[in-house]
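Using the working numbering, the first residue of the sequence shown is number 29, and each one after it goes up by one.
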Amino acid sequence: MSAEIRRRAAASAFQRAQRAGHAIEQDPRFHEWVEEWIAGRITMPDVAMRYRALIIERSAARRADTNAHVFEALQQTETTAGAEPARSFDLETEIGRLMDEDRR
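Quick look at the structure:
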């Protein structure tokens with residue numbers, strides 16, 4: 029297959045995806061891989077394999093980011109857990125304190 033035919037095939041595939049309402053990948057690496065395929069340097073299964081690796085990489089980065097936020101929240105919870113807890117007003121306790129003060 030010539031580079032010209034591959035370029036038309038890629039353009040057609042992107043147009044069909046857009047018409048169907050699908051987002052087109054914006055990562056420059058993906059477009060570089062498509063250009064390598066058009067030039068005949070790699071096969072379409074190579075493009076697909078690299079793209080799957082890119083998706084896995086993104087997913088791992090999102091998980092790592094989420095885990096970092098969770099870890100940060102847990103550290104904040106542990107820090108505040110060591111502090112004196114806020115006391116709520118309890119009428120019976122306050123009456124008991126007042127009675128103790130009166131006895132003195």
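In this text, a Cβ means the ideal position worked out from N, Cα and C, and glycines have one as well.
These figures come from a predicted structure and were not determined experimentally.
Delimiting residues of the alpha helix (DSSP H) encompassing residue i
i	result
Asp-130	119–131
Arg-69	Careful: Arg-69 lies outside any alpha helix (DSSP H) and carries neither H nor E.
Helix, strand or coil at residue i according to DSSP, with G and I counted as helix
i	result
Ile-83	helix
Asp-55	coil
Met-29	coil
Ala-48	coil
Check whether residue i and residue j have beta carbons under 8 Å apart
i	j	result
Ala-31	Gly-68	yes
Arg-34	Ile-66	yes
Ala-38	Val-62	yes
*Answer yes if the stretch 39–48 comes into contact with the stretch 66–80, meaning at least three C-beta pairs across the two stretches below 8 Å, and no otherwise.*
The stretch 39–48 and the stretch 66–80 do not touch, with fewer than three beta-carbon pairs separated by less than 8 Å.
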